[in-house]
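Numbering (the numbering used here), first residue to last: 1229 to 1490. Every residue gets a Cβ at the ideal spot worked out from N, C-alpha and C, and that includes glycine. What follows is a short report on a single structure.
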């Protein structure tokens, strides 16, 4: 654990840099629509940026929707999460990983530690998102409290009809945990490359299909019924995600007992 932050420092710095660039991009888009739609000029706030970066896209009306755009920011955040868990739970023929396994009390303990590590990595990624937005806000906005709801209608195509707080960001974080646990399971069974490709493809599928049973939808705030009236109820997705996470965790612990590391 003592080297946990140092080993992943470049990943966290990349997340912070990416987040700050997203804030600049959002402000540029705001400035471009302001004169066209008669909106008053403003500096986007801390909450605006958090909602924009974690929002994803609204529900897709149909596959021929011309206003549909792939949510590259949301996809990139999922790539950061996949990158953080790419080498979990172990690297075959790695002397370092074999030594860590030997030092562990048991393979079960080793696997639990790996799941704990990806939990911390996902948490750090979202903390870095908040830190990046905070850095941007301190130097370029200084507005931490307001939300400019009308701009999201023009920029993101979503009508926000309910007052929201920053607690809403817990849903992308929860999905990130689900995603990381499933990745560990798939890394053991099909290998890291196929696991990475499968989950990436799954996330892209979630973009096109709006359903609480496709768990990626619970990570997109613009599809959440807590924000907009035509959003989806994510309760079913949360329950399914929790059950799958428990199942995949137990199966990963069971499977690792039969793996030959030598």
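Which of the three DSSP states is assigned to residue 1272 in this structure? coil
Per DSSP, cross-strand counterpart(s) of residue 1452: 1460
Check whether the region 1399-1406 and the region 1442-1450 touch, using three or more Cβ-Cβ pairs below 8 angstroms as the test. yes
For the alpha helix (DSSP H) that residue 1370 lies in, which residues bound it at each end? Taken as a continuous stretch (DSSP letters only), residue 1370 belongs to no alpha helix (DSSP H), as it is neither H nor E.
Run the proximity test for residue 1271: is its beta-carbon closer than 7 angstroms to any non-hydrogen atom belonging to the ligand HEM? With respect to the ligand HEM, the structure shown offers nothing to examine, as it has no ligands at all.
Reducing DSSP to helix, strand and coil, say where residue 1384 ends up. coil
Measure the Cβ-Cβ separation of residue 1346 and residue 1412 and say whether it is below 8 angstroms. yes
Anyone know if the C-beta pair for residue 1278 and residue 1301 falls short of 8 angstroms? no
Using a threshold of 8 angstroms, state whether the C-beta atoms of residue 1477 and residue 1460 are closer than that. no
Is there contact between the region 1241-1248 and the region 1352-1362, where contact requires at least three CB pairs shorter than 8 angstroms? yes
Can you tell me which of the three DSSP states residue 1284 falls into? coil
Can you name the start and end residues of the alpha helix (DSSP H) that residue 1414 belongs to? 1398-1418
What first and last residue would you give for the alpha helix (DSSP H) that runs through residue 1312? 1300-1312
Using the three-state DSSP reduction, which class does residue 1393 fall into: helix, strand or coil? coil
Straight-line CA distance for residue 1428 to residue 1275? 28 angstroms
Using three-state DSSP, classify residue 1438 as helix, strand or coil. coil
By a C-beta neighbour count over all protein chains shown, 10 Å radius and 16 as the cutoff for buried, is residue 1399 buried or exposed? buried
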